[in-house]
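Using numbering that gives the first Met the number 0, the final residue of the sequence shown is 80, and nothing's skipped along the way.
Glycine included, C-beta positions come from ideal geometry on N, C-alpha and C.
Accompanying notes for the structure given below.
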Amino acid sequence: MTRRTLSFFLVLGFATVTLSACGSGSVEVEDRGVEAACGLCQFEMEGRSDCYWAIRIEGKEFMVRGDVLPTDDEHDAHDDE
């Protein structure tokens, strides 16, 4: 089964984002291209039973937390593309 996920570049300017990786502390991401989609439905991540934003960097998935996450109207985390 092929799975396509919404890919986009996080343009952070001078800001950095700290992402929580399940069980491995945090990762700082600065001006990097990542895949972003629903962690449960698209990336099939374990540990939660509800939908949430996640990103994939170099083959590793991370749950995204923060106050400025896209809404489904802006970017659908479950989109086939």
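- At least 7 Å separates the beta-carbon of residue 40 from that of residue 74.
- Under the three-state reduction of DSSP output, residue 50 falls in the coil class, being neither helix nor strand.
- Here residue 33 has 9, 54, 55 and 56 as same chain residues with Cβ atoms under 7 Å from its own Cβ, once five neighbours each way along the sequence are excluded.
- Taking C-beta atoms under 8 Å as the contact rule, residue 60 and residue 46 fail to qualify, at a distance of about 11 Å.
- Relative to residue 70, the option among 48, 36 and 42 whose CA is nearest is 36.
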